[in-house]
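S.K.: Sequence order for the protein chains is A and F.
Heads up: the first sequence begins at 31 in this note's numbering, then just goes up one per residue.
Heads up: the second sequence begins at 2 in this note's numbering, then just goes up one per residue.
One structure is given below, represented as structure tokens, and several questions about it will come after.
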Amino acid sequence: MNTPELRIRDLTMTHGRRPAVHHLSFALKPGAMMAVVGPNGAGKSSLLRAIAGLHAPSEGRIEGLSPGCIALLPQQSALDRAFPLSCRDAVLFGLWGESGAFRATPRPERVEGALDAVGLHGFGRRPVGSLSAGQFQRLLFARLLLQDAPVILLDEPFNALDARTSADLLAVMRRWHGEGRSILAVLHDIDLVRREFPETLLLAREGIACGPTEVALSAENRLRARMMSEAWAEQAEICDQAAA
Amino acid sequence: MIWDTFLAPFAEFGFLRRALVGCLALSLSAPPLGVFLMLRRMSLTGDVLAHGILPGVALGFVLAGLWMPALAFGGLVAGLIVALGSGALARATGGREDAALAGLYLTALAAGVTLISWRGSAVELTQLLFGSVLGVDDAALLLMGGAATATLLFLAFAWRPLILECFDPSFAKAVGVRGSVWHLGLLALVVVNLVAAFQAVGSLMAVGLMMLPAIAARHWARDVGGMIAAAVALALVATLIGLLASYHADLPSGPAIVLTAAGFWLISLVVGPVDGLIARYRPRPHLDG
């Protein structure tokens with residue numbers, strides 16, 4: 031697997047003038063498995079969306095990207111789960127890079143393989159609207175499998191899942207890691223992060239710490255992250271930190 | 002009996018033949034657009050755009066009288082302004098698109114009716130709003146056929162991007178689908194279909210042929226392809242029955258077609274296998290595990 035190194039340099043993302051991510055720099059080494067941890071509103075999803083190319087950063091840049099090198103698992107609320115689509119067709123979109131809007135999909139039987147691999151054997155003809163939250167998450171993982179991207183971004187992949195579904199999808203994630211892909215996952219379960227992720231980025235709009243999980247999640251760092259004010263500072267000055 | 006009821010009207014009257022062929026063509030193209038609007042939760046947008054073309058049609062009427070090309074061109078320009086303008090206005094002012102649409106279509110309707118009343122009679126106003134099959138000449142027929150052809154070609158190309166954009170817009174953007182381009186194409190073709198239909202069924206009724214079969218089709222299929230097939234089938238039959246009813250009972254053609262489609266919708270609502278009232282509330286035995 032030819033996995034690129036991603037270098038986030040001085041990244042700032044804003045909603046209006048309020049920063050969601052503020053002058054953040056870190057690197058995602060090839061084959062890294064990194065958790066993104068931080069309080070609500072810390073800019074975790076914004077960071078993932080910036081790397082996936084969904085939102086343009088207002089300052090800074092992301093180096094090392096090439097077309098098709100990123101696959102993103104979105105939060106389920108971003109999708110129309112009632113859309114009249116069969117599971118098979120929903121997963122088939124994972125091959126968009128090969129088929130595009132018009133071409134026939136080479137070897138469409140890969141869809142069945144991906145459904146089997148996430149424990150959705152025989153679900154091909156079921157409408158996506160009939161799936162439970164856990165089954166729908168499995169479906170999105172099947173689409174990621176077909177995308178076959180070297181860098182995989184996961185936004186809260188195990189939220190509201192039962193133990194068995196989490197375990198199955200964790201196994202899929204470990205397999206990706208074993209294949210040399212880079213993984214960057216937003217997570218809230220600190221125990222899970224300590225167990226599974228060698229590296230962690232602790233984010234509270236600004237990067238608090240980035241490195242080996244035990245160091246990044248030290249009591250001192252976590253306290254600093256918790257101090258991040260949920261409210262916007264009404265009297266904040268204009269930031270004059272120069273863009274790199 | 003069969004001859005008298007179903008065939009004689011079309012054999013005897015050329016305008017009725019033209020209206021039939023034109024409306025059948027639009028029955029192939031408008032309902033699929035309606036299905037996509039419904040899936041994007043924009044079922045009312047067709048209605049807004051139908052009102053939006055009115056001031057353009059009215060301006061064409063004031064300048065050129067009941068001359069088809071002027072009416073169609075005016076309607077097309079006004080409809081496109083409303084379709085593209087509402088989105089741009091909402092983005093530029095930080096407002097909501099539905100608010101911008103509501104503002105634009107009320108303005109458009111009032112302006113259109115005022116313009117027509119200024120220079121025309123009540124008969125002409127009724128004809129422009131609700132259509133008259135008598136008015137379907139060769140130019141109108143060509144417009145209807147052209148609109149249907151363009152729409153079907155567009156849908157053949159836009160099929161996958163439109164579905165992906167509805168289902169998962171972020172994913173669509175991430176893989177490089179330019180969702181807004183396909184979306185604007187869809188809205189532009191909605192306008193084109195409404196303009197093409199207004200001669201035969203009227204500018205306010207044209208949207209009925211687009212949306213009623215589409216929302217009825219939701220009760221007959223669980224996938225987009227099946228919904229579109231059902232919507233087209235319903236629209237074709239509603240067109241035929243509506244035109245015949247309009248001829249035999251001396252009703253205006255637009256409302257006759259739309260009422261027939263509405264009847265199909267009510268039937269679908271009750272007996273349709275997908276979320277129909279009977280399917281929903283009849284107690285059924287469940288499977289064992």
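Glycine is no exception: its CB is placed at the ideal position from the N, C-alpha and C atoms.
Quick caveat, the model's predicted, so the values are computed rather than measured.
(1) Since Ala79 of chain F and Pro56 of chain F should fall inside the 8 Å C-beta cutoff, what is the C-beta to C-beta distance between them, to a whole number of angstroms?
(2) Would a check of beta-carbon distances place Asp198 of chain A closer than 7 Å to chain F?
(3) Using 10 angstroms around the beta-carbon of Ile3 of chain F, count the other beta-carbons present and answer buried if the total reaches 16, otherwise exposed.
(4) Shorter than 7 Å from the beta carbon of Phe168 of chain F to some beta carbon of chain A?
(5) Which residues in chain A have a C-beta closer than 9 Å to the C-beta of Asp224 of chain F? List them in chain order.
(6) Leu245 of chain A to Pro69 of chain A, Cα distance in whole Å?
(7) As an exercise, report each continuous alpha helix (DSSP H) stretch of at least 4 residues that is fully enclosed by the segment 86-164 of chain A, in chain order.
(8) Using beta-carbon positions only, say whether Pro32 of chain F and Leu156 of chain F come within less than 7 Å of one another.
(9) For a contact defined as C-beta to C-beta under 9 Å, what are the partners of Ala323 of chain A on chain F?
(10) Report yes or no: do the segment 58-74 of chain A and the segment 12-31 of chain F share at least 3 C-beta pairs separated by less than 8 Å?
(11) Considering only their Cβ atoms, is the gap separating Leu165 of chain F from Ala173 of chain F smaller than 7 Å?
(12) Step through the CB atoms of chain A and report whether any lies within less than 7 Å of the CB of Asp5 of chain F.
(13) Please tell me whether Val137 of chain F has its Cβ less than 7 Å away from any Cβ of chain A.
(14) On a Cα-Cα basis, can you pick out the residue from F:Pro274, F:Tyr106, F:Pro214, F:Arg92 that is closest to Thr46 of chain F?
(15) For Ala84 of chain F versus Leu188 of chain F, is the C-beta spacing smaller than 7 Å?
(16) By Cβ distance, which residues of its chain are closer than 6 Å to Ala101 of chain F, with the 5 residues on each side in sequence left out?
(17) Within a Cβ cutoff of 7 Å, which residues of the same chain sit near Leu169 of chain A, ignoring the five residues on either side of it in sequence?
(18) Would you verify that the beta carbon of Trp206 of chain A is, or is not, closer than 7 Å to some beta carbon of chain F?
(19) Which whole-angstrom value describes the C-beta separation of Ala262 of chain F and Leu235 of chain F, a residue pair presumed to lie in contact below a C-beta threshold of 8 Å?
(20) May I ask which residues mark the beginning and end of the alpha helix (DSSP H) holding Gly168 of chain F?
(21) Out of A:Gly130, A:Thr243, A:Ala239, which has the shortest C-alpha to C-alpha gap to Glu226 of chain A?
(22) Locate the beta strand (DSSP E) running through Met43 of chain A, then write down its first and last residues.
(23) Have a look at A:Ser107, A:Ala179, A:Leu109, A:Leu95 and flag the residue whose alpha-carbon is nearest the alpha-carbon of Gly127 of chain A.
(24) In chain A, which residues lie with their C-beta within 7 Å of the C-beta of Val176 of chain F?
(25) In whole angstroms, what separates the C-alpha of Glu13 of chain F from that of Ser122 of chain F?
(26) Is there at least one Cβ from chain F nearer than 7 Å to Phe153 of chain A's Cβ?
(27) Do the segment 206-225 of chain A and the segment 54-62 of chain A touch if we need at least three Cβ pairs shorter than 8 Å?
(28) DSSP on Ile117 of chain F, reduced to helix/strand/coil?
(29) Residues of chain A with a CB under 9 Å from the CB of Phe37 of chain F: which are they?
(30) What separation, rounded to the nearest whole angstrom, lies between the Cα atoms of Gly46 of chain A and Leu77 of chain A?
M.R.: Quick answer:
(1) 5 Å
(2) no
(3) exposed
(4) yes
(5) Pro114, Leu115, Ser116, Asp119, Pro157
(6) Note that residue 245 of chain A corresponds to Val in the displayed sequence, not to Leu. Rounded to the nearest angstrom, the two C-alpha atoms are 18 Å apart.
(7) 117-122, 126-129, 140-147
(8) no
(9) In the structure as shown, chain A starts at 31 and stops at 274, and residue 323 of chain A therefore has no counterpart that could be examined.
(10) no
(11) yes
(12) no
(13) no
(14) F:Tyr106
(15) yes
(16) Ser87, Leu90, Ala91
(17) Cys117, Ala120, Val121, Leu150, Val158, Leu161
(18) no
(19) 7 Å
(20) A quick correction: the sequence has Phe, not Gly, at residue 168 of chain F. Phe168 of chain F -> alpha helix (DSSP H) spans 139-168.
(21) A:Thr243
(22) 36-45
(23) A:Ala179
(24) Trp126, Gly127
(25) 30 Å
(26) no
(27) yes
(28) helix
(29) Result: empty, since nearest Cβ-Cβ is about 12 Å, beyond 9 Å.
(30) 16 Å
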